[in-house]
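The listed protein sequences correspond, in order, to chains A, B, C and D.
Note that this note's numbering has the first sequence beginning at 1, numbered continuously upward.
Note that this note's numbering has the second sequence beginning at 130, numbered continuously upward.
Note that this note's numbering has the third sequence beginning at 259, numbered continuously upward.
Note that this note's numbering has the fourth sequence beginning at 388, numbered continuously upward.
A virtual CB, placed ideally from N, CA and C, is assigned to each residue, including glycine.
Here is the structure we will look at.
Protein chains: 4
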Amino acid sequence: MPHRVSYSVYYEDTDAMGVVYYANYFKFFERGRTEYVGRQGRSIASWNDAGVYVVVHAASATFRKSAALGDRIDVVSTFEMVSRFRGRFVQRIERGGELLVDGIVDVVCIDGASNLTEFPADLQSSLLG
Amino acid sequence: MPHRVSYSVYYEDTDAMGVVYYANYFKFFERGRTEYVGRQGRSIASWNDAGVYVVVHAASATFRKSAALGDRIDVVSTFEMVSRFRGRFVQRIERGGELLVDGIVDVVCIDGASNLTEFPADLQSSLLG
Amino acid sequence: MPHRVSYSVYYEDTDAMGVVYYANYFKFFERGRTEYVGRQGRSIASWNDAGVYVVVHAASATFRKSAALGDRIDVVSTFEMVSRFRGRFVQRIERGGELLVDGIVDVVCIDGASNLTEFPADLQSSLLG
Amino acid sequence: MPHRVSYSVYYEDTDAMGVVYYANYFKFFERGRTEYVGRQGRSIASWNDAGVYVVVHAASATFRKSAALGDRIDVVSTFEMVSRFRGRFVQRIERGGELLVDGIVDVVCIDGASNLTEFPADLQSSLLG
C-alpha cells in the first residue's frame, strides 16, 4: 500500500506562470518522504539526533500536468532498497486521482561526519515495514 | 475566536542555522491567511477568479523563539478592517501553546488591472464573519 | 562553449543539514537556463510577452557534493533540440571547477492557451546560436 | 554611503499573482545583509565558524510596488547599532532608482549555544566601518 499524504497549494508554491514552480514539486516529494519515514513513529529529526542522515543522491521527475493555487494534492510514495547503500523512493503527485508528476528519488545514508554508510538495520526495517 | 491551522516543519523551511529561516515564517503566515479567507467556503483562488486580489501592503514580525525540523506549529490569525481600503491580520505562530513569532500583516484589495479598490462588501463580511 | 553564470549561496538556499537543500539546485539550474535564453539579448520575459512559454517537462539531477553557505557556484549549461517539440538543457553546478551536481532538463513550448507547440524558429535559432 | 547589490528576478521569486511573492523580498533583504557583512572581506560563514551568529529578531517591510520576472533590482542597506545587543539594518529594494520595498531588520548576536551576546567589538567595527 503506497504511503499517501495531502497538501494544499499556496501562493508560495506557484510562480508567474500561474501554476506550481517545477522545483517546488521536489519539496512536496520531500514532505512525502519525511512523512513516510516517520509513519511508524520515529521521525527524521529523531534519526538525525542519532547521527543517521538520509540524503538525496539523485532525483528525477516528469511534469505531466500542473497544480494550481488552492488545489489539494496527494504525495504518494513507495520505498525499496536497491543496494545496502541505496534506497529508492518512487513518488508521484496526484490531484483527485489524476497523475500530475511522477519521479524517483534515490537516497543514501551518511553519518555525522558525512561519511557514506550502509542503511542501519533498524532504519531499513522501518522503511520496508 | 482566532483562526488556527497547523503545519509541520520540513527541511525546506529550515536553513543552515538549524531552524526555520526567518522569511519562511511569512510563508506560514500566508498559509494561515489563505485558510482564514477560505474558512467559510469561498477560497482565495475563487476570489481571484472574480477579479478580487488581496495583496500584502505591509508586514512585520518579531522572532522570539525558533521552530525546528519536525516541529508541529500553529498559525493563529485574527482579522479586522482598519479602513475601507485596508484590512489587518494579526498573526502568531505557536508550538504547543508557546509563542514563537508574532506579526501584523496589512492587506489591500486590487482589481484585475492592479488598481486599488475598497474591500468588496461580500469579501469584507466574509472576513469579519 | 557552455554557458556559465555564477551565484552566491545564501542562507535561503541551505537547510538544517547545513548545505544547499536538494530542490534548490533546481532553482540554480533554472537561473542558468534563464540567463542562457537571454544571453543574446531577448529575455524569457520578452518571449512570454509574445505568448511563447518554455516549460519544464522532465528534470533529473545527481547530487555528488554539497555547496555550503558563502560558496560561489557556477551554473554551466548547454542546449540541444531533441525533437521539434523538445529541447534539452544539460546542466551542471561547479565550485571552482569541481563538479557538485549535474542534471538534464527537458523543456517544451506552450502558447498562451497552454497548448503544446513546436519551438518557434526564432527561439530555436536563438537557443542553438 | 549605503551598500548596494543587484539581483535578477527569476521565476522562483514570483508567484501566481505574476510578481515577486511578498516573503521573497525578505530573502533579497537577507542577501543584501550577507553582502553587507562580507563587504570588508570577512564573510558571514567565517563569523559563524568563529561561533558568532547574527540572527533576525524583528523584520518589517512595506510593499509599495512590485518587481516582476526579469527585473534587475538593487538591495540598498545601511546599518547602525541601536544598543550593545541590537543592530539595525535599514533596507530598501529599488528598480532603476524607483523605490519598491523598504523595511527595517533588527538583528542580534548569539553564540554557538544560542545564548544572546553583545556584538563582538570586531564585528561591530566591521559593520559600522
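What residue does the beta strand (DSSP E) around A/GLN40 start on, and which one ends it? Neither: A/GLN40 is in no beta strand (DSSP E) and is coded neither H nor E.
In angstroms with no decimal places, state the Cα-to-Cα distance between D/HIS390 and D/ARG479. 11 Å
How close, in whole Å, do the beta carbons of C/VAL263 and C/VAL333 come, if the pair is a contact with beta carbons under 8 Å? 5 Å
Hey, is the stretch 290-300 of chain C in contact with the stretch 149-160 of chain B, meaning 3+ C-beta pairs nearer than 8 Å? no
With a 10 Å radius around its C-beta and 16 neighbouring C-beta atoms as the bar for buried, classify C/MET275 as buried or exposed. So C/MET275 ends up on the buried side.
8 Å Cβ cut-off: residues of chain B touching A/GLU30: TYR139, TYR140, GLU141
Go to C/SER372, then tell me how far its alpha helix (DSSP H) extends in each direction, as first and last residue. Here C/SER372 belongs to no alpha helix (DSSP H), and DSSP marks it neither H nor E.
Which residue's Cα is closest to the Cα of B/GLN253: B/GLU223, B/ASP240, B/TYR151, B/ARG215? Here the closest residue by C-alpha is B/ARG215.
Give the secondary structure of A/ALA61 by DSSP, where H, G and I count as helix, E and B as strand, and everything else as coil. strand
Segment limits, beta strand (DSSP E) that includes D/ASP461: 459-468
Tell me whether the beta-carbon of C/ALA319 lies closer than 7 Å to the beta-carbon of C/GLY354. no
If you run the structure through DSSP and keep just helix, strand and coil, what is C/SER324? coil
Tell me, which residues are paired with C/GLY355 by DSSP? Answer is none; C/GLY355 lacks a bridge partner.
Spell out the partners DSSP gives A/ASP106 in its beta bridges. A/ALA58, A/ARG88
Hey, is C/ALA237's beta-carbon within less than 7 Å of any beta-carbon in chain D? The requested residue 237 of chain C is not part of the displayed model; chain C covers only 259 to 387.
The ligand HEM and D/MET404: does any heavy atom of the ligand fall closer than 6 Å to the residue's C-beta? Annotation note on the ligand HEM: not contained in the displayed structure, which lists no ligands.
Apart from the five residues just before and just after B/GLU160, which ones in its own chain have a Cβ nearer than 8 Å to its Cβ? The identity of residue 160 of chain B in the sequence shown is Arg, whereas the question assumes Glu. Counting only Cβ-Cβ distances below 8 Å, and skipping sequence neighbours, we find VAL134, TYR136, VAL204.
Using CA coordinates, which residue listed in A/VAL101, A/VAL90, A/GLU94 is at the minimum distance from A/VAL107? Comparing Cα-Cα distances from A/VAL107 to each of A/VAL101, A/VAL90, A/GLU94, the minimum goes to A/VAL90.
Given this structure, state the Cα-to-Cα distance separating C/GLN298 from C/SER384, to the nearest angstrom. When rounded, the distance between both Cα atoms is 7 Å.
List the residues of chain D that A/GLY112 touches, going by C-beta distances under 8 Å, in chain order. Neighbours of A/GLY112 on chain D: none; closest Cβ ~16 Å, over 8 Å.
Can you tell me whether D/LEU503 is buried or exposed? The criterion is at least 16 other CB atoms within 10 Å of its CB, across all chains shown. exposed
Residues of chain A with a CB under 8 Å from the CB of C/THR292: which are they? The premise fails here: C/THR292 is roughly 12 Å from chain A at the closest Cβ pair, so nothing lies under 8 Å.
Which same chain residues end up closer than 6 Å to C/VAL233 when comparing Cβ atoms and leaving out the 5 residues on each side of it in sequence? Since the first residue shown for chain C is 259 and the last is 387, residue 233 of chain C is missing from the structure and cannot be characterised.
Round the Cβ separation of D/ASP458 and D/VAL396 to the nearest angstrom and send it over; I've been treating them as touching at under 8 Å. Rounded, the Cβ-Cβ distance is 5 Å, consistent with contact.
Please report how far the alpha carbon of D/CYS496 lies from the alpha carbon of A/ALA113, in whole angstroms. 27 Å
Quick one: Cα of A/VAL55 to Cα of B/VAL184, how far? For A/VAL55 and B/VAL184, the distance between alpha carbons rounds to 37 Å.
Compare the Cα-Cα distances from B/ALA174 to each of D/PHE466, D/GLU505, D/MET468, D/ASP402 and report the closest residue. D/ASP402
Anticipated Cβ contact below 8 Å, D/GLU399 with A/TYR21, distance rounded: 6 Å
Could you give the residue range of the beta strand (DSSP E) that holds D/VAL392? 390-395
Cβ neighbour criterion (16 or more within 10 Å) applied to A/VAL82: exposed
Of the choices B/ARG171, B/ARG217, B/ASP251, B/GLU227, whose alpha-carbon is the least far from that of B/ALA196? B/GLU227
Coil, strand or helix - A/TYR21 by DSSP: coil
8 Å Cβ cut-off: residues of chain A touching D/ALA448: Those within 8 Å of D/ALA448 in chain A number zero; the least Cβ separation is about 16 Å.
Listing by chain order, which chain A residues have their CB less than 9 Å from the CB of B/LEU259? Past the boundaries of the shown model lies residue 259 of chain B; chain B is included only from 130 to 258, so the question cannot be answered.
Beta-carbon contacts of B/THR207 that lie in its chain and below 6 Å, excluding the five residues immediately before and after: PRO131, VAL219
State the start and end residues of the unbroken alpha helix (DSSP H) segment that holds C/ALA219. Past the edges of chain C, shown from 259 to 387, lies residue 219 of chain C, and the structure says nothing about it.
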